[in-house]
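Chemist:
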Amino acid sequence: MQIGEVATRTGLSLRTIRHYEETGLVVPSARSRGGFRLYTETDVARLMVIRRMKPLGFTLGQMRDLLEATDRLDAGALDIGEREAVLEHVRTYEQAVTEQVERLRLQLARAEEFAATLRSRLEEPVPAPRF
Numbered sequence: 003m004q005i006g007e008v009a010t011r012t013g014l015s016l017r018t019i020r021h022y023e024e025t026g027l028v029v030p031s032a033r034s035r036g037g038f039r040l041y042t043e044t045d046v047a048r049l050m051v052i053r054r055m056k057p058l059g060f061t062l063g064q065m066r067d068l069l070e071a072t073d074r075l076d077a078g079a080l081d082i083g084e085r086e087a088v089l090e091h092v093r094t095y096e097q098a099v100t101e102q103v104e105r106l107r108l109q110l111a112r113a114e115e116f117a118a119t120l121r122s123r124l125e126e127p128v129p130a131p132r133f
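So the sequence shown is numbered by the numbering used here: it starts at 3 and just counts up by one.
(1) Considering only their Cβ atoms, is the gap separating V28 from L49 smaller than 7 Å?
(2) Measure from the alpha carbon of V88 to the alpha carbon of each residue in L69, L106, V99, then state which is nearest.
(3) May I ask you to list the residues that DSSP assigns as paired with L40?
(4) According to DSSP, simplified to helix, strand and coil, what is G63?
(5) Taking the C-alpha atoms as reference points, what is the distance between T25 and R93?
(6) Does the beta-carbon of R121 have 16 or more other beta-carbons within 10 angstroms, so that it is buried, or is it exposed?
(7) If you drop the 5 nearest sequence neighbours on each side, which residues of the same chain put their C-beta closer than 8 Å to that of L16?
(8) Does DSSP put V130 in a helix, a strand or coil?
(9) Can you tell me the Cα-Cα spacing of F38 and P30, whole angstroms?
(10) Once you ignore the five residues that flank V90 on each side, which residues in its own chain have a CB closer than 6 Å to its CB?
(11) Can you give me the C-alpha to C-alpha distance between R74 and T119, rounded to a whole angstrom?
(12) Tell me the rounded alpha-carbon separation between Y22 and E125.
(13) DSSP three-state call for T25: helix, strand or coil?
Rendered as structure tokens:
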């Protein structure tokens, strides 16, 4: 599929997808004869993983590092020691993500409390005018 369809499916802008390509996070699987980027379902899935990392505060370098680790696991050509080292590396990211999710939950709870406070202010009866 072409980049426009990928953008629609992922909710990412064309510019963002191109930026991720320039930084090496995703590489189109092919190019058309006219030079258009062509993507597969696997490419779309990778972009969705990247999209999920971004709000958790991952830097481009961290995204690249984690994607390389998961790519190595998916390739399956690791000996037992290498596999365990890569798994431990991914566990480090998983722990950081879990901690960040908890921080975000706390922020969300505080934001919801604040919204409720504002709603209650709006629902308070208007005092009767004094004469």
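No residue lacks a Cβ here, since even glycine has one placed at the ideal position from N, Cα and C.
Modeler: To lay it out plainly:
(1) For the purposes of this step, residue 49 is taken as the residue at position 47 of the sequence shown. For the purposes of this step, residue 28 is taken as the residue at position 26 of the sequence shown. Against a cut-off of 7 Å, the Cβ pair of V28 and L49 comes out as a contact.
(2) Along the sequence shown, one-based indexing puts residue 88 at 86. Taking only the C-alpha atoms, the option nearest V88 is L69.
(3) Within the sequence shown, the letter at position 38 stands for residue 40. Q4, A32.
(4) Counting from one through the sequence shown, the residue named residue 63 turns up at place 61. Three-state result, G63: helix.
(5) Position 23 of the sequence shown, counted from the first residue, corresponds to residue 25. Position 91 of the sequence shown, counted from the first residue, corresponds to residue 93. Approximately 24 Å, taken between the alpha carbons.
(6) Counting from one through the sequence shown, the residue named residue 121 turns up at place 119. Counting Cβ neighbours within 10 Å, R121 comes out exposed, since fewer than 16 surround it.
(7) Within the sequence shown, residue 16 is the residue found at index 14, counting from 1. So the list reads I5, G6, A9, once near-sequence residues are dropped.
(8) Translated into positions along the sequence shown, residue 130 becomes position 128. According to the sequence displayed, residue 130 carries Ala and not Val. Coil, per DSSP.
(9) Position 36 of the sequence shown holds residue 38. Position 28 of the sequence shown holds residue 30. F38 and P30: Cα-Cα distance of roughly 10 Å.
(10) The sequence position of residue 90 within the sequence shown is 88, counting from 1. Val is not the amino acid found at residue 90; the sequence shown has Glu there. If we look at E90 and ignore the five residues flanking it on each side, it has no Cβ neighbours.
(11) One-based indexing of the sequence shown puts residue 74 at position 72. One-based indexing of the sequence shown puts residue 119 at position 117. Cα to Cα, R74 sits roughly 49 Å from T119.
(12) Here residue 22 corresponds to residue number 20 of the sequence shown, with the count starting at 1. Here residue 125 corresponds to residue number 123 of the sequence shown, with the count starting at 1. So the two alpha carbons sit approximately 47 Å from each other.
(13) What you label residue 25 is simply residue 23 of the sequence shown in a count that begins at 1. Coil.
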